[in-house]
Amino acid sequence: MESLFGWITQPEAWLAFGTLLLLEVVLGIDNVIFISILAGKLPPEQRQRARTIGLLAAMLMRLGLLFSISWIYSLKNDLFTLFGMGFSGRDLILIFGGLFLLYKAVKEMHEQLEGPGAHEGTPTAGKVAGANFAAIIGQIMILDIVFSLDSVITAVGMADDIGVMVAAVVVTVLIMLVAARPIGEFVQAHPTVKMLALAFLLLIGVNLIADGFGFKIPKGYTYFAMGFAIAVELLNLRARRGKPVQLHETNRHPDAG
Numbered sequence: 211m212e213s214l215f216g217w218i219t220q221p222e223a224w225l226a227f228g229t230l231l232l233l234e235v236v237l238g239i240d241n242v243i244f245i246s247i248l249a250g251k252l253p254p255e256q257r258q259r260a261r262t263i264g265l266l267a268a269m270l271m272r273l274g275l276l277f278s279i280s281w282i283y284s285l286k287n288d289l290f291t292l293f294g295m296g297f298s299g300r301d302l303i304l305i306f307g308g309l310f311l312l313y314k315a316v317k318e319m320h321e322q323l324e325g326p327g328a329h330e331g332t333p334t335a336g337k338v339a340g341a342n343f344a345a346i347i348g349q350i351m352i353l354d355i356v357f358s359l360d361s362v363i364t365a366v367g368m369a370d371d372i373g374v375m376v377a378a379v380v381v382t383v384l385i386m387l388v389a390a391r392p393i394g395e396f397v398q399a400h401p402t403v404k405m406l407a408l409a410f411l412l413l414i415g416v417n418l419i420a421d422g423f424g425f426k427i428p429k430g431y432t433y434f435a436m437g438f439a440i441a442v443e444l445l446n447l448r449a450r451r452g453k454p455v456q457l458h459e460t461n462r463h464p465d466a467g
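When we follow my numbering, the leftmost residue of the sequence shown carries the number 211, and every step to the right adds one.
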């Protein structure tokens with residue numbers, strides 16, 4: 211307990227905490243967007259529960275990784291070499307996570323614009339709801355691993371005290387728990403914002419894959435592009451005066467078809 215809370219009396223530790231908290235919140239935005247889009251496929255009464263479970267799972271995963279710092283560092287060791295390029299456990303997680311993110315974003319874009327496939331079967335409503343919820347939570351967990359890895363590596367590089375890192379992760383998740391619902395509702399109410407969010411996920415997926423192959427894309431470039439796109443979309447929303455376009459509904463099993 212002393213190792214977790216001993217930093218409270220150290221002024222320099224508070225500076226590290228504030229800096230790390232800001233970075234964790236920025237990195238956590240990706241996770242909130244992904245969870246909000248997936249939770250939006252559920253019935254309204256299940257969305258908040260899915261968002262809460264997803265964010266709490268992310269917190270537990272990050273805390274577990276923080277207490278396994280030696281294992282985190284071991285992920286940086288090359289497992290094999292292909293065409294003269296070494297690949298570590300971290301690289302493989304980022305590559306497969308990025309590919310999964312690209313797949314989910316493109317699939318969701320297709321369904322929103324073209325509509326769901328006609329070959330969906332006719333299971334009972336209860337079974338569909340249960341399958342939807344379980345499948346969506348499973349997909350959230352998969353991406354939590356990728357986002358948590360990125361977050362924990364940042365935390366380890368920014369602070370030396372495990373207590374500072376734990377506190378920053380917990381406070382970040384509490385902030386995201388409060389912000390997830392309004393963000394999710396705003397995204398669902400404005401289809402063009404949802405498409406923009408999916409485009410962000412594509413961008414993040416490309417960044418993850420590039421990172422896995424050893425190509426470092428400065429995060430500042432990515433966040434500038436996202437910020438500029440958000441500013442343009444806010445101007446568009448103001449020009450439309452609250453009249454959003456209509457996209458297809460996708461109330462079906464997320465992995466059907």
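From the three backbone atoms N, C-alpha and C, an ideal C-beta is built for every residue, glycine too.
When the Cα of residue i is compared with those of the options, which residue comes out closest?
i       : options                               : result
Tyr-313 : Gln-256, Arg-448, Leu-411 and Phe-425 : Leu-411
Val-235 : Ile-385, Leu-270 and Phe-343          : Ile-385
Leu-233 : Arg-257, Gly-264 and Val-379          : Val-379
Val-356 : Gly-437, Arg-259 and Leu-304          : Leu-304
Val-362 : Glu-321, Arg-300 and Leu-276          : Leu-276
Glu-443 : Lys-286, Thr-262, His-400 and Asp-421 : His-400
Ala-267 : Gln-398, Lys-429 and Gln-349          : Gln-349
Lys-429 : Ala-315, Asn-417 and Val-403          : Asn-417
Ile-243 : Met-269, Gly-424 and Gln-398          : Gln-398
Gln-258 : Leu-406, Ala-390, Leu-445 and Lys-426 : Ala-390
Trp-281 : Ile-419, Met-319, Ser-298 and Met-269 : Ser-298
Lys-404 : Leu-270, Leu-447 and Gly-308          : Leu-447
Met-319 : Leu-406, Glu-255 and Ile-372          : Leu-406
Asp-354 : Trp-224, Leu-237 and Leu-225          : Leu-237
Phe-423 : Gly-296, Phe-438, Ala-226 and Leu-323 : Gly-296
Ile-419 : Gln-220, Leu-225 and Leu-311          : Leu-311
Leu-323 : Ala-439, Thr-402, Leu-445 and Ala-226 : Thr-402
Trp-224 : Leu-445, Lys-426 and Ile-372          : Ile-372
Given a threshold of 16 other Cβ atoms within 10 Å of its Cβ, counted over all protein chains shown, does residue i qualify as buried or as exposed?
i       : result
Ser-278 : exposed
Gly-228 : exposed
Gly-415 : buried
Lys-337 : Low confidence applies here, because Lys-337 scores a pLDDT of 44, under 50, leaving its location unreliable; read the following figure in that light. Exposed, because fewer than 16 other Cβ atoms sit within 10 Å of the Cβ of Lys-337.
Asn-342 : buried
Ser-358 : buried
Ala-449 : exposed
Ala-441 : exposed
Asp-421 : buried
Ala-435 : exposed
Asp-240 : buried
Leu-252 : buried
Gly-308 : buried
Glu-222 : exposed
Arg-451 : exposed
Glu-255 : exposed
Can you tell me where the alpha helix (DSSP H) holding residue i begins and where it ends?
i       : result
Phe-306 : 299-324
Phe-410 : 401-422
Gln-256 : 254-276
Assuming residue i contacts residue j under a Cβ cut-off of 8 Å, what Cβ separation, rounded to an integer in Å, is found between them?
i       : j       : result
Thr-470 : Leu-413 : Residue 470 lies beyond the range of the chain shown here (211 to 467); nothing can be said about it.
Leu-230 : Val-374 : 7 Å
Arg-300 : Leu-285 : 4 Å
Gly-264 : Ile-347 : 7 Å
Leu-387 : Thr-291 : With a Cβ gap of about 42 Å, Leu-387 and Thr-291 do not count as contacting.
Leu-408 : Ala-345 : 18 Å between Cβ atoms; not a contact.
Grab the span of the beta strand (DSSP E) containing residue i for me, first residue to last.
i       : result
Phe-434 : Not the beta strand (DSSP E): Phe-434 falls in the alpha helix (DSSP H), residues 429-450.
Leu-292 : 288-292
Cβ pair count under 8 Å reaching 3, the region 391-411 against the region 232-252: Three or more beta-carbon pairs separated by less than 8 Å link the region 391-411 to the region 232-252, which places the two stretches in contact.
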